[in-house]
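Below: one structure, written as structure tokens.
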Amino acid sequence: MDFQATETNGQATLYFAGELDMAVGDKVGNLLREYGERNGSVTVDFRDVTFVDSSGIGNLFFTTKDLLALGKRVEIINVREEIMDILHVLGFAEALGITVN
Amino acid sequence: MMLCEECPQNPACQNCLAALRAGAGQKVIPARTVRVKLDSGEVASAELRAICRTAIGLFCHEQKLSDRVEVELASDFRIIGNAFQGIHDVPYYVLDIEKVLRREEVLGRLLMEEFLQWHHSAEKQPTDMLAELKEPEDERHRLIKEELQKLSILRQVQSIYLYVMENGDIRPIGAQRTEELMEGDMRRVALEAIKSGTSVREQLVSSDGSKMYEMYASPLPDQTCGLALIDVTEAIAEERRRQQKEWDMYKQVLGAVTQDKLVLLTDAELTVLAEDGLKLATVLIQSAEDLAFLRTECRRIMDALQVEEKRKFQYVVAVNEAATNTLKHGTGGTVTIHLASAENTVRVIVHDHGNGILLEELPRATLRQGYSSKHSLGVGFHAMLQFCDRVCLGTSPSGTRLILECMIG
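These protein sequence lines map, in sequence, to chains Y and D. Per our numbering, the first sequence runs over residues 1 to 101. Per our numbering, the second sequence runs over residues 1001 to 1409.
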């Protein structure tokens, strides 16, 4: 799992690439928390995420939930069609009420 | 009126029934010893001598029964009501039934059929069984009896065989004795009990395997040992029948709710499926890092079988979820990938050696959708059911086996 981030005026963009599974779930969740806590808004770019499962995405889910409770804005963009199917089956976006596109 | 003292030996006497002041009553023959608890908290022993739907008749020398009384026929069969003296000058009391507690139910009346079933069943009090023995050996007899009363299983047993071991010899107390071949085991357990100074309990199987016994050895103060051999064959068979019935019900419910996508299978059925077809790969899952290799192996095999891209992607997600669960809820497992013999089906078998899923936990573990807690098993299972054609599940204390099937035709 590769990772890059940019921060501008309270807006962070996180870019992940690779497979998001149990092995990297903690790391992804911790990065989102770190950038989310020091910015008002976080965009997670999924364009190069090629695989997700319930464990990998689970960390992202619970961290996003915490950030939303703190009043932060979280958005996930550029999700591949096949990944979107998985997120849909897992009920990811629906449960959080966030924009995933 | 004193004839009631003879009841039920005098069949012509109807006094106990008349005192119930209700129709369609009947005598309890033989009278059953029951435990009576008074409102004051005092406890006494009484004989249950007559019953009808609305009242019961009790013969009690130990206490005067009045006001609210609870009568315990068995731990799961109790009658509560108001008692009063039923026949003048005789310790025969009538209890007007307020409620009957039978297993999980609370009823306002005594169901005669239920009572008779209990009365004629093997649910005898251990003391009743011992009372049938002739010439009880006083102190030893009393001590064995005391120990026996601690065992709740006695309410379901068919027979109890009592023995005493003295100077290394095993001899029965009373007329009943079980097969002689068991006496070697009895001697061994009795010696163990004497040596340790505490009671020892062990399960034994008869030499032909047809009977199961719970053996209970209790050291006595004079360096001898009392032994009780309790025939639990029927009690165990009944428990197995109950478990089978429960399992069938869960199988039907899970099948109905998932449109037969989730199939509960026995170990034997799973083994037949697991051995079918051609094994293409085996992957050991010991850490999260092994999951990537499993996905690679799955994709390689699906590519060789020319499985369509989306179908392949989703099936790999399902397999990955099953493998992940072996790490989440245990220490890992083994995944084997098979091509089924004649069904155009890829079959992945995920086997963990955890503690298994309890039957009553299965619906929650397999049918819950979405994230509810960090440790939710359901969310991954939901993905498996969505992305496979069929999921077969078998679980036992030695682990859980999941078979994920994907039609490729």
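We put the CB at the ideal spot given by N, CA and C, even for glycine. Owing to the predicted nature of the structure, the values given are computational and were not obtained by experimental measurement.
Check the Cα spacing between L87 of chain Y and each of Y:T43, Y:I57 and Y:G97: the tightest is with Y:I57. Excluding residues up to 5 positions away in sequence, A12, T13, L14, Y15, L31 and Y35 lie with their Cβ nearer than 8 Å to the Cβ of A5 of chain Y in the same chain. Annotation: F1077 of chain D has no Cβ neighbours in chain Y at a cutoff of 8 Å; minimum Cβ distance is about 48 Å. Looking from the CA of A1074 of chain D, the closest CA among D:L1264, D:F1115 and D:D1290 belongs to D:F1115. For V42 of chain Y, the uninterrupted beta strand (DSSP E) run begins and ends at S41 to V52, by DSSP. With the criterion set as a beta carbon lying under 7 Å from some beta carbon of chain D, the members of the stretch 20-48 of chain Y are D21, M22 and A23, in sequence order. I86 of chain Y belongs to the set of residues whose beta carbon lies under 8 Å from a beta carbon in chain D. Scanning chain Y for C-beta atoms nearer than 9 Å to the C-beta of A1288 of chain D yields D21, M22, A23, V24, G25 and S55, reported in chain order. Between A1318 of chain D and V1335 of chain D, the beta carbon gap of about 12 Å keeps them out of contact (Cβ cut-off 8 Å).
For K1279 of chain D, the enclosing beta strand (DSSP E) begins and ends at L1278 to I1285. Proximity of chain Y to H1382 of chain D at the Cβ level (cut-off 9 Å) is accounted for by S54, V89, L90 and G91, in chain order. Between the stretch 1383-1393 of chain D and the stretch 1287-1301 of chain D, the count of C-beta pairs closer than 8 Å stays below three; the two stretches do not touch. Contact residues of the stretch 65-86 of chain Y toward chain D are E82, D85 and I86 (C-beta to C-beta distance below 8 Å). Residue pairing from DSSP places T1033 of chain D in a beta bridge opposite D:E1047. Three or more Cβ pairs drawn from the stretch 1058-1078 of chain D and the stretch 1036-1047 of chain D lie within less than 8 Å of each other, which places the two stretches in contact. Apart from sequence neighbours up to five positions away, the residues of its chain that approach V1253 of chain D with a beta-carbon distance below 8 Å are P1363, ordered along the chain. Close CB contacts of L1280 of chain D within its chain, under the 7 Å cut and outside five residues either way in sequence, are with I1301, I1337, H1338 and L1339 (chain order). Interface with chain Y (8 Å Cβ-Cβ cutoff): N1344 of chain D is excluded. Under the 8 Å Cβ criterion, the stretch 37-51 of chain Y counts as touching the stretch 76-83 of chain Y, having at least three qualifying pairs.
Non-local beta-carbon contacts of V1106 of chain D in its own chain, meaning distances under 8 Å to residues more than five positions away in sequence, involve K1099 and V1100 in chain order. Taking the CA atoms as reference points, R1177 of chain D sits about 19 Å from N1167 of chain D. Contact between I1097 of chain D and T1054 of chain D holds, with the beta-carbon distance rounding to 6 Å and staying under 8 Å.
At a cut-off of 8 Å, the C-beta of F1293 of chain D has no neighbouring C-beta in chain Y. In the structure shown, G1330 of chain D falls within a coil segment according to DSSP collapsed to helix, strand and coil.
Scanning its chain for C-beta atoms nearer than 6 Å, with the 5 sequence neighbours on each side dropped, one finds around V1205 of chain D the residues M1212, in chain order.
Looking at the DSSP output, I1056 of chain D sits in a beta bridge with D:I1051 and D:L1095.
In this model, L1278 of chain D and S1341 of chain D are separated by some 7 Å (Cα to Cα).
Using a Cβ-Cβ cut-off of 7 Å, T1324 of chain D is close to M22, D53 and S55 of chain Y, given in chain order. Under the 8 Å criterion on CB atoms, K1310 of chain D is classed as interfacial with respect to chain Y. Inter-segment contact for the stretch 1174-1189 of chain D and the stretch 1226-1241 of chain D is present: three or more beta-carbon pairs are separated by less than 8 Å.
Residue pairing by DSSP places Y1163 of chain D opposite D:P1172 and D:L1227 in a beta bridge.
DSSP places V1307 of chain D outside any beta strand (DSSP E), giving it a letter other than H or E. Taken through DSSP and simplified to helix, strand or coil, M1182 of chain D comes out as helix. Comparing C-alpha distances from I1285 of chain D to each of D:F1077, D:F1059, D:E1297 and D:V1200 shows the shortest one belongs to D:E1297.
Here S1121 of chain D carries a coil assignment [DSSP, helix/strand/coil]. Under the Cβ distance rule, V1036 of chain D does not count among the residues neighbouring chain Y, no pair being separated by less than 8 Å.
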